[in-house]
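J.: Following this message is one structure expressed as structure tokens.
Chains as they are written, first to last, in our numbering: chain A, 28 to 285; chain B, 13 to 269.
Here you go:
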């Protein structure tokens, strides 16, 4: 008997007008594993995450979380299901009208109706876990650097101790050292919580560090998937071109030649 | 370019926008009555929409009342009817100018602010983040703003009515040499409770329109700073037009003989 996958997408199709962004995409994320989806810009990575979260609704296909088809859930059931999730957004997406501690405690106060004092203690503890002192809790997001904002966003993503964490381009826009710090924090956080992680990135250093398994998306389809150790011997020309960052290969960029 | 194709595209875009607005309105209204309720946010929005709009609404009402008194006096004097100034100022302010002027001023101030705030939240994925934190964006962002506007606009208009009539009184007695006691007596004699309540009903509808258009445009903004700017402009323009159009409809319904 096989375990029910934590997340499963079956033949998911999403269009924006005439543009097909996800094209019969199928993907499975096993429970407790960290799957990283790699792929170029505009290949449908973020759209895939937003479909799982219910922010976008696909035209076709099925999306299962813990064996339940989330596309057939009522609004209330969906809101209940979302309690399992935490997400780190590409641009951090911190609420700029709230101080840092309230950002981190937001899911506890609003989503779980925890008392503010108790939620603040947890928020300060989570900030400590991502290497930020309690004094940072009183600042506003605009007063933080990009790296600190990402760390606060990570603290927010793990504050409710979710079963599933999504990471959307976690290292984009960061210097290599800060990117590595964030990668280490992601690995530690996922391990601490025993969570299932689904990340999307085009940063191969990040993918190699945080992934148990890697899948590659191209033109809205998963064209290769396998263990992290197999990525260098995938035998797939698209994957090879992508991981080595070559301009020549089967993936053609739409750029105007001078 | 085919002329009919252009017309068809415009009509389809318009119908699409009306459909989106109808769905947004339905979602917003249905979430008003479903828990959880964010009382703290409602209080904050009542302060922002109502209390902080008070100075601009009060000034507008005062000068409108004063200008109205002068115009009625100049117009009335040509047919020897200067004595109607008090009556017309009271009726004009409470039935029409109080709610419409306050509505338009608040639309400019509040609708734009809501659209800019929510538009920025939309393009920086803060609204998506709310969803991932098990918080319904309609309940958290739209409902407090809409309810606060529906509650505070009538209060603002009531204050605008008082200040507008007072503006007419001050101009009439200080500049046009009306007898203060007679002016007050004329105002009391001709003003009925229905005149005031009709204006307050209009104000509640205007409040709904102002907050709804700000939220709708903010939620649908895209394309970075330029998109937020466009949403802000659209919010003020559509809210203002809807205020004027709904005012006509409500006047024809409330005062139909």
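Just so it is clear, CB atoms sit at the ideal spot from N, CA and C, and this is done for glycine as well. Keep in mind that this is a model prediction, so the values were computed, not measured.
Are the beta-carbon atoms belonging to residue 78(B) and residue 182(B) less than 8 Å from one another?
T.: Closer than 8 Å, so yes.
J.: Going by the CB atoms, is the gap between residue 195(A) and residue 109(A) shorter than 8 Å?
T.: Not a contact, by the Cβ cut-off of 8 Å.
J.: Is residue 223(B) helix, strand or coil when you go by DSSP?
T.: Helix, per DSSP.
J.: Hey, out of 107(B), 260(B), 243(B), whose CA is closest to residue 228(B)'s CA?
T.: Among 107(B), 260(B), 243(B), the Cα nearest to that of residue 228(B) belongs to 243(B).
J.: Compare the C-beta of residue 89(A) against all C-beta atoms of chain B and say whether one is closer than 8 Å.
T.: It does not; no Cβ of chain B falls within 8 Å.
J.: For a quick check, are the C-beta atoms of residue 206(A) and residue 230(A) less than 8 Å apart?
T.: Closer than 8 Å, so yes.
J.: Below 7 Å CB to CB, which residues in the same chain sit around residue 150(B) once its five sequence neighbours on both sides are set aside?
T.: The residues are 39, 40, 43.
J.: For residue 87(A), which of helix, strand or coil comes out of DSSP?
T.: It is a strand residue.
J.: If the cut is a Cβ gap below 7 Å, which residues of chain A does residue 148(B) touch?
T.: Ordered by position in chain A, the residues that pass the 7 Å Cβ test against residue 148(B) are 106.
J.: Cβ closer than 8 Å: which chain A residues qualify as neighbours of residue 137(B)?
T.: Correct list: 116, 117, 118, 120.
J.: Using beta-carbon positions only, say whether residue 174(A) and residue 201(A) come within less than 8 Å of one another.
T.: Closer than 8 Å, so yes.
J.: By the 10 Å Cβ neighbour count, where 16 or more other Cβ atoms means buried, how is residue 48(B) classified, buried or exposed?
T.: Exposed: under 16 other Cβ atoms inside 10 Å.
J.: In chain B, which residues lie with their C-beta within 9 Å of the C-beta of residue 54(A)?
T.: Those within 9 Å of residue 54(A) in chain B number zero; the least Cβ separation is about 19 Å.
J.: Checking the sheet assignment: what are the DSSP bridge partners for residue 195(A)?
T.: Beta-bridge pairing links residue 195(A) to 227(A).
J.: Among residues of its own chain, excluding the 5 on either side of residue 27(B), which ones have a beta-carbon nearer than 6 Å to its beta-carbon?
T.: Nothing listed; no residue qualifies.
J.: Quick one: what does DSSP say residue 116(A) is sitting in, helix, strand or coil?
T.: Of the three classes helix, strand and coil, the one that applies to residue 116(A) here is coil, per DSSP.
J.: What residues of chain A sit near residue 143(B), judged by a beta carbon separation below 8 Å?
T.: Ordered by position in chain A, the residues that pass the 8 Å Cβ test against residue 143(B) are 80, 81, 82, 109.
J.: Around the Cβ of residue 41(A), are there at least 16 other Cβ atoms within 10 angstroms (buried) or fewer (exposed)?
T.: Flag for residue 41(A) reads buried.
J.: Can you name, in chain order, every residue of its own chain whose Cβ lies under 6 Å from the Cβ of residue 164(B), other than the five neighbours on each side?
T.: Once the five neighbours on either side are set aside, the close Cβ partners of residue 164(B) are 58, 61, 62.
J.: Do we get a CB-CB distance below 8 Å when we pair residue 207(B) with the residues of chain A?
T.: Closer than 8 Å: no.
J.: Using the three-state DSSP reduction, which class does residue 214(B) fall into: helix, strand or coil?
T.: Note: residue 214(B) maps to helix in three-state DSSP.
J.: Is there a C-beta anywhere in chain B that falls below 8 Å from the one on residue 28(A)?
T.: Interpretation of residue 28(A) is limited by its pLDDT of 47, a score under 50 that renders its predicted location unreliable; the figure taken from the coordinates is listed afterwards. Residue 28(A) does not count as touching chain B.
J.: Identify the continuous beta strand (DSSP E) that holds residue 48(A) and give its terminal residues.
T.: Where residue 48(A) is concerned, the enclosing beta strand (DSSP E) stretches over 46 to 56.
J.: Go through its chain and collect everything with a Cβ distance to residue 225(B)'s Cβ below 6 Å, but skip five positions before and after it.
T.: So the list reads 123, 247, 250, 251, once near-sequence residues are dropped.
J.: May I ask which residues mark the beginning and end of the beta strand (DSSP E) holding residue 245(A)?
T.: 240 to 245 is the span of the beta strand (DSSP E), which, as asked, contains residue 245(A).
J.: For residue 120(B) and residue 94(A), what's the separation of their Cα atoms in angstroms?
T.: For residue 120(B) and residue 94(A), the distance between alpha carbons rounds to 50 Å.
J.: Below 8 Å on the Cβ atoms is my guess for residue 98(A) versus residue 89(A); work out the distance and round it to an integer in Å.
T.: Confirmed, about 6 Å.
J.: Could you tell me which residues DSSP pairs with residue 16(B) in its beta bridges?
T.: According to DSSP, which records beta bridges pairwise, residue 16(B) is partnered with nothing at all.
J.: Between the alpha carbons of residue 239(B) and residue 232(B), how many angstroms are there, rounded?
T.: If you take the alpha carbons of residue 239(B) and residue 232(B), they lie about 9 Å apart.
J.: Who are the Cβ neighbours of residue 73(A) in its own chain at under 7 Å, not counting the five residues just before and after it?
T.: Hits under 7 Å: 195, 227.
J.: Using three-state DSSP, classify residue 190(A) as helix, strand or coil.
T.: Reduced to three states, the DSSP call for residue 190(A) is coil.
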